[in-house]
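Numbering (this note's numbering), first residue to last: 6 to 85.
One structure is given here, and the rest of the page talks about it.
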Amino acid sequence: MKLTCVLIVVVLFLTACQLITTDDSTGKQRYQAWKLRSKMQNSVLSRLSKRCDEEGTGCSSDSECCSGRCTPEGLFEFCE
């Protein structure tokens, strides 16, 4: 009987030690997901707010220059 009680106490003690020393990663994962979501939203918002390409940047048929002029210079085209 005493041996059974000792074994139960030892098992409870070891379980408690395991729970105390275990790294709680659930909160960290939630924070990382929130951080990634925020980063993606900022990226989408920055792309949506940019309406035209600045002077000197490369341009093509699917991009719009702020000046409205995309001029070829050698092999590439640049916004004026």
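Each residue gets a CB set at the ideal place from its N, CA and C atoms; glycine is no exception.
Span of the alpha helix (DSSP H) around residue 26:
7–26
Tell me the DSSP bridge mates of residue 85?
In DSSP, residue 85 forms no bridge with anything.
From the DSSP secondary-structure annotation, give me the bridge partner or partners of residue 76.
83
Answer with buried or exposed for residue 10, where buried requires no fewer than 16 other C-beta atoms within 10 angstroms of its C-beta.
exposed
Mind checking residue 64: buried by the 16 CB within 10 Å criterion, or exposed?
buried
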